[in-house]
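Peer 1: Before I ask anything, let me first share the structure, which is written out below as structure tokens.
There are 2 protein chains.
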Amino acid sequence: MSRIIALESYDVRFPTSRHLDGSDAMNPDPDYSAAYLILRTDDASGLAGYGLVFTIGRGNDVQTAAVSALSHLVVGRDVDEVLGDLGAFARTLSDDSQLRWLGPEKGVMHMAIGAVINAVWDMAARRAGKPLWRFIADMSPEQLVATIDFRYLSDAITPDEALALLRAAEPGRAARLRALVEEGYPAYTTSPGWLGYSDEKLARLAREAVAEGFRTIKLKVGANLEDDIRRCRLAREAIGPDVAMAVDANQRWDVAPAIEWMRQLAPFDIAWIEEPTSPDDVLAHAAIRRAIAPVPVSTGEHTQNRVVFKQLLQAQAVDLIQIDAARVGGVNENLAILLLAAKFGVRVFPHAGGVGLCELVQHLAMADFIAISGSKEDRAIEFVDHLHEHFVDPVRIRAGRYLAPERAGFSAEMHARSVREHLYPDGPAWSGTAAPRAVAARASSA
Amino acid sequence: MSRIIALESYDVRFPTSRHLDGSDAMNPDPDYSAAYLILRTDDASGLAGYGLVFTIGRGNDVQTAAVSALSHLVVGRDVDEVLGDLGAFARTLSDDSQLRWLGPEKGVMHMAIGAVINAVWDMAARRAGKPLWRFIADMSPEQLVATIDFRYLSDAITPDEALALLRAAEPGRAARLRALVEEGYPAYTTSPGWLGYSDEKLARLAREAVAEGFRTIKLKVGANLEDDIRRCRLAREAIGPDVAMAVDANQRWDVAPAIEWMRQLAPFDIAWIEEPTSPDDVLAHAAIRRAIAPVPVSTGEHTQNRVVFKQLLQAQAVDLIQIDAARVGGVNENLAILLLAAKFGVRVFPHAGGVGLCELVQHLAMADFIAISGSKEDRAIEFVDHLHEHFVDPVRIRAGRYLAPERAGFSAEMHARSVREHLYPDGPAWSGTAAPRAVAARASSA
């Protein structure tokens, strides 16, 4: 019998604000960071599980503390028991009644829960010797449904309906598996479109993206309408009429400005407008969608949990959704969201970028293709070419497609040296160079 | 010129789980706790500001760390500048782009922001020599509107509409002020209805509540339908037909069970069903309300921010709302919520209990009566008789009514000795006696 003997958490930060990578209308100077965790076991094989929460800098210490606050629910537990019922394990985390008060099921504590759950799925897939996408795809419909918490979902999808959806996707699995391994899964790229880039850099990167094989690019918008009109025109000229172009406002607008802005950008043939307003505002997304149709509306990278995704779908507020591997309560909750999307016939364009989000979310999209929606038509996983070198099993992109991971696990493990060098505030990447505001935060009395 | 020179934060916990005070269907064994903070200044008068986030035990360390993570936005700032524009101050906290990623505007980080904002309002009222309710009531409509962040609200209420509402409430202010000071503000009590209590204790406490002058009581429900039917019958018999009786399910149900359960409880003349389902589920509240009318539906103590309150009102999902002084982004956001409620004609029954929530929220209800809704008809502030002795300016209840606070400030200050004795995990209330699970959490490697 082996046990989980430690939950180690690390405050890892990359000083990305020095180059304005990742700048958008809401996030002008992020330092891409991770509250990174390792679950150690006493298994003779050295079995471990890895997970992370992505943040953009300040507060990563709070997020790391939240991960550590879950130790009592994990450390000391029997590995077979935990991996043998991944649904029950996830419930023990989300059902801690005292911790639940801090959400419930949202924000810092929910993301921490999600990271620990993801680390346990990583451990399960490693023990099975499979990449996570394959580990999920090989589960029976009954096993998959048993991992899901249907609380607050039963007015939209029941376990029986979920089972029926999964059974309907069983024919063709072998062919889809072959197609995935041979072709990969489509990617789209946000690399050209960060707000901090010059027009020249935008146009050059857009052309390069098309040359590399991407069929969709995305631009950040929302800071200044005149700038956005000019940038959309430049990008459209650079990529030509046959490549899709999405825009992302990162929550900048109320309903009226969202409608006005998108009417001005619609002539550039917009694939979707992402996060036009508050991620909490189901009714506002619905109002915007009605007003700007046929421009598709989308959100999801900040959608806090399955309950809000459910409402976005019930209210016909979105044409497609993003999922994020590190925002909600782990693989289990993302499976619930993928099932909801399949039931409502809405396509999923997973959110990625940041630290490790590409590495993680590719597994969910690929499992969805094999076992849930059964489709990768008109779908793509976001790709941003940052920070992959810090991961032991980094994503592999060929001709605008994610190749299916082959190593066992969830691809969340970082190189020990990368963790060590970017530990905040004492790692070599930070010591002596930390931003003044960040230093002030630590030096103040508390 | 004086400056804010320190943000001190304290992990304060009361071992309430030893007596099952505060037990409900979702929270069987809370240890009522506070992430408590003091803003120190170098003002010669000793000016300070006090605030807190209420939690129910585990994770209070994470909440306290989140409060400390805001130090860089507060410490070193000029007191006149901060108190001179309380709207701008609140925006500097909610607009920190890196911290915003951890919500946005929800959960641990948003509650921390709310507590710091509340501490600054406490400081402002102290400096003005007024209790907070009076400080707010004495603001002009223009001053009050200037404190509010209307982002994501403009499809429901604009600054001009808010101004018009406040101006319409100006006639009669003097008379309402006299009435408040003479009569107090109605209270209702949850003390009889905790799930952990025996039938005998429930009936006895219900009779005592009526004898003490309360006109509304509230029972926790949702764990077992047969028990709830029996307990509602007992309570109704104890209080007679003329006292109102509300029930609170603490988020236990999906839509279908909520409807079924409430059809069984409706014969006991239910004043409202509170938190029938997930606090995130606007559409489910609307569906439940349509199905169980005329039983009123309510929620709010876990409603994360103004955006969700707005949607509850837009979707006609609730008949009344709870506000909580320590869940959302401080006084500013609660003023926005009170204005929304006034615009939509929905009554407010503030949530209280816990640690200091009664002390805080009474000020908001009283300010609402004087300056916003202009009414305290068919309204009441929740009252639970726990832990008031730890506060320097505890609530005063007479004949089922909150008396208007007279001391300057927001009544959040705790006795220094109470803080010292209940510091977790090393205060005398905890050392050597902490619950095993809590100890395990701290002892595990991380």
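First to last, the protein sequences are chains F and X.
Note that the numbering used here has the first sequence beginning at 1, numbered continuously upward.
Note that the numbering used here has the second sequence beginning at 1001, numbered continuously upward.
Glycine is no exception: its CB is placed at the ideal position from the N, C-alpha and C atoms.
Keep in mind it's a predicted model, so treat the numbers as computed, not measured.
Which residues bound the alpha helix (DSSP H) around L205 (chain F)?
Peer 2: By 1-based counting over the first sequence, the position of residue 205 (chain F) is 205. Per DSSP, L205 (chain F) belongs to the alpha helix (DSSP H) from D199 to E212.
Peer 1: Taking the alpha helix (DSSP H) that R134 (chain F) belongs to, which residues open and close that run?
Peer 2: Taking the first sequence and counting its residues from 1, one reaches residue 134 (chain F) at position 134. Run containing R134 (chain F): L132 to A137, per the alpha helix (DSSP H) assignment.
Peer 1: Return no unless some Cβ of chain F is closer than 9 Å to the Cβ of A1256 (chain X).
Peer 2: Numbered from 1 along the second sequence, position 256 holds the residue referred to as residue 1256 (chain X). Taking Cβ atoms only, chain F reaches closer than 9 Å to A1256 (chain X), which makes this a yes.
Peer 1: Specify, as a first and last residue, the run of the beta strand (DSSP E) that W272 (chain F) falls within.
Peer 2: Counting from 1 along the first sequence, the entry for residue 272 (chain F) is found at position 272. Run containing W272 (chain F): I270 to E274, per the beta strand (DSSP E) assignment.
Peer 1: On the DSSP bridge list, what partners appear for E1382 (chain X)?
Peer 2: Walking along the second sequence from the start, residue 1382 (chain X) turns up at place 382. E1382 (chain X) is bridged to X:Y1188.
Peer 1: With a threshold of 9 Å between beta carbons, is Q1304 (chain X) in contact with chain F?
Peer 2: Residue numbering aside, residue 1304 (chain X) sits at position 304 when the second sequence is read from its first letter. Taking Cβ atoms only, chain F reaches closer than 9 Å to Q1304 (chain X), which makes this a yes.
Peer 1: By the 9 Å beta-carbon criterion, what residues does the stretch 83–112 of chain F contribute toward chain X?
Peer 2: Result list: D96, S97, Q98, L99, R100, W101, L102, G103, P104, E105, K106, G107, V108, M109, H110, M111 and A112.
Peer 1: Name the residues in the stretch 1308–1328 of chain X whose C-beta lies less than 9 Å from a C-beta of chain F; which are they?
Peer 2: V1308, K1310, Q1311, Q1314 and A1315
Peer 1: Using the DSSP secondary-structure output, state which residues sit across from L1403 (chain X) in a beta bridge.
Peer 2: Within the second sequence, the letter at position 403 stands for residue 1403 (chain X). BP columns for L1403 (chain X) are empty, so no partner.
Peer 1: Return the residue from the list X:I1321, X:V1307 and X:T1147 that minimises the CA-CA distance to A1162 (chain X).
Peer 2: On the second sequence, position 162 is the one that residue 1162 (chain X) refers to. Per the Cα distances, X:T1147.
Peer 1: Is R437 (chain F) helix, strand or coil when you go by DSSP?
Peer 2: Along the first sequence, read from residue 1 onward, the residue named residue 437 (chain F) stands at position 437. Any reading at R437 (chain F) needs caution, since the residue's pLDDT is 40, under 50, leaving its predicted position unreliable; the model's value is listed next. The answer is helix: DSSP assigns R437 (chain F) an H, G or I state.
Peer 1: Just the chain X side, please: which residues come within less than 7 Å of I56 (chain F) by C-beta, in chain order?
Peer 2: By 1-based counting over the first sequence, the position of residue 56 (chain F) is 56. What I56 (chain F) touches in chain X: Q1098 and W1101.
Peer 1: When you check each C-beta in the stretch 1277–1288 of chain X against every C-beta of chain F, which residues fall closer than 8 Å?
Peer 2: T1277, S1278, P1279, D1280, D1281, V1282, L1283, A1284 and A1287
Peer 1: Of all the alpha helix (DSSP H) runs that stay within the bounds of the stretch 1285–1358 of chain X, which reach a length of 4 or more residues?
Peer 2: 1306–1314 and 1330–1344
Peer 1: Please report the straight-line C-alpha distance between T1092 (chain X) and A1048 (chain X), rounded to a whole angstrom.
Peer 2: As a first step, residue 1092 (chain X) must be located in the second sequence, where it is residue number 92. As a first step, residue 1048 (chain X) must be located in the second sequence, where it is residue number 48. If you take the alpha carbons of T1092 (chain X) and A1048 (chain X), they lie about 20 Å apart.
Peer 1: Mind pulling the alpha helix (DSSP H) runs of 4 or more residues that sit fully within the stretch 1066–1115 of chain X?
Peer 2: As far as the stretch 1066–1115 of chain X is concerned, its whole alpha helix (DSSP H) runs of at least 4 residues are 1079–1084, 1086–1094 and 1097–1100.
Peer 1: For the candidate residues F:I113, F:Y424 and F:S198, whose alpha-carbon lies nearest to that of R327 (chain F)?
Peer 2: The residue labelled residue 327 (chain F) in the question sits at position 327 within the first sequence. The shortest Cα separation from R327 (chain F) among F:I113, F:Y424 and F:S198 belongs to F:I113.
Peer 1: Just grab the DSSP bridge partners of I1397 (chain X) for me.
Peer 2: Reading the second sequence from its first residue, position 397 is the one you call residue 1397 (chain X). Paired residue(s): X:Y1402.
Peer 1: Among X:V1108, X:I1273 and X:D1155, whose alpha-carbon lies nearest the alpha-carbon of S1298 (chain X)?
Peer 2: Here residue 1298 (chain X) refers to the residue found at position 298 when the second sequence is read from its first residue. Comparing Cα-Cα distances from S1298 (chain X) to each of X:V1108, X:I1273 and X:D1155, the minimum goes to X:I1273.
Peer 1: What residues match up with D1248 (chain X) in a beta bridge as DSSP calls it?
Peer 2: Position 248 of the second sequence, counting from 1, holds the residue named residue 1248 (chain X). X:K1220 and X:E1274.
Peer 1: Is S334 (chain F) close to chain X, meaning its C-beta is less than 9 Å from at least one C-beta of that chain?
Peer 2: Position 334 of the first sequence holds residue 334 (chain F). The identity of residue 334 (chain F) in the sequence shown is Asn, whereas the question assumes Ser. It does not: the Cβ of N334 (chain F) has no partner Cβ on chain X nearer than 9 Å.
Peer 1: Using the Cβ count rule (16 or more neighbours within 10 Å means buried), how would you classify A342 (chain F)?
Peer 2: One-based indexing of the first sequence puts residue 342 (chain F) at position 342. By the neighbour-count rule (16 or more Cβ atoms within 10 Å), A342 (chain F) is buried.
Peer 1: With 16 as the cutoff for other CB atoms within 10 Å, does S278 (chain F) come out buried or exposed?
Peer 2: Position 278 of the first sequence, counted from the start, is the residue given in the question as residue 278 (chain F). So S278 (chain F) ends up on the buried side.
Peer 1: If you run the structure through DSSP and keep just helix, strand and coil, what is R1003 (chain X)?
Peer 2: Residue mapping note: residue 1003 (chain X) aligns to position 3 of the second sequence, counting from 1. Strand.
Peer 1: Please list the terminal residues of the continuous beta strand (DSSP E) segment that includes V1053 (chain X).
Peer 2: Position 53 of the second sequence, counting from 1, holds the residue named residue 1053 (chain X). That run of the beta strand (DSSP E) goes A1048 to T1055.
Peer 1: Any Cβ of chain X within less than 9 Å of the Cβ of A205 (chain F)?
Peer 2: Start at 1 with the first residue of the first sequence, and residue 205 (chain F) comes out as number 205. Reading off the sequence shown, one finds Leu at residue 205 (chain F), where the question assumed Ala. Answer no: the Cβ-Cβ gap between L205 (chain F) and chain X never drops below 9 Å.
Peer 1: So what's L195 (chain F) in DSSP terms, helix, strand or just coil?
Peer 2: Counting from one through the first sequence, the residue named residue 195 (chain F) turns up at place 195. Note: L195 (chain F) maps to coil in three-state DSSP.
Peer 1: Alpha helix (DSSP H) containing A162 (chain F): first to last residue?
Peer 2: Within the first sequence, the letter at position 162 stands for residue 162 (chain F). From DSSP, the alpha helix (DSSP H) with A162 (chain F) extends over P159 to A168.
Peer 1: What did DSSP end up calling A34 (chain F) once you bin it into helix, strand or coil?
Peer 2: Taking the first sequence and counting its residues from 1, the one referred to as residue 34 (chain F) is at position 34. Three-state result, A34 (chain F): strand.
Peer 1: Looking at C-beta atoms only, is the number of pairs between the stretch 27–45 of chain F and the stretch 94–106 of chain F that lie closer than 8 Å three or more?
Peer 2: no
Peer 1: Across which residues does DSSP place R1231 (chain X) in a beta bridge pair?
Peer 2: Reading the second sequence from its first residue, position 231 is the one you call residue 1231 (chain X). DSSP output for R1231 (chain X) lists no bridge partner at all.
Peer 1: At 8 Å on the CB atoms, spell out the chain F contacts of A1069 (chain X), in chain order.
Peer 2: Taking the second sequence and counting its residues from 1, the one referred to as residue 1069 (chain X) is at position 69. Under the 8 Å cutoff, chain F gives R58, G59, D61, V62 and A441.
Peer 1: Could you name the residues of the same chain whose beta carbon sits closer than 6 Å to that of P192 (chain F), not counting the 5 residues immediately before and after it, in chain order?
Peer 2: Your numbering for residue 192 (chain F) matches position 192 in the first sequence. Hits under 6 Å: L202, L205, A206, A209 and I217.
Peer 1: Just tell me which of F:R151, F:E406, F:I370 and F:E413 has its CA closest to the CA of L357 (chain F).
Peer 2: Taking the first sequence and counting its residues from 1, the one referred to as residue 357 (chain F) is at position 357. Comparing Cα-Cα distances from L357 (chain F) to each of F:R151, F:E406, F:I370 and F:E413, the minimum goes to F:E413.
Peer 1: From the DSSP output, read off the bridge partner residues of Y10 (chain F).
Peer 2: Here the question's residue 10 (chain F) lines up with position 10 in the first sequence. In the DSSP output, where bridge partners are listed per residue, Y10 (chain F) has F:Y36.
Peer 1: Do the CB positions of R1003 (chain X) and G1076 (chain X) come within less than 9 Å of each other?
Peer 2: Start at 1 with the first residue of the second sequence, and residue 1003 (chain X) comes out as number 3. Start at 1 with the first residue of the second sequence, and residue 1076 (chain X) comes out as number 76. It is a contact, given that the beta carbons lie within the stated cut-off.
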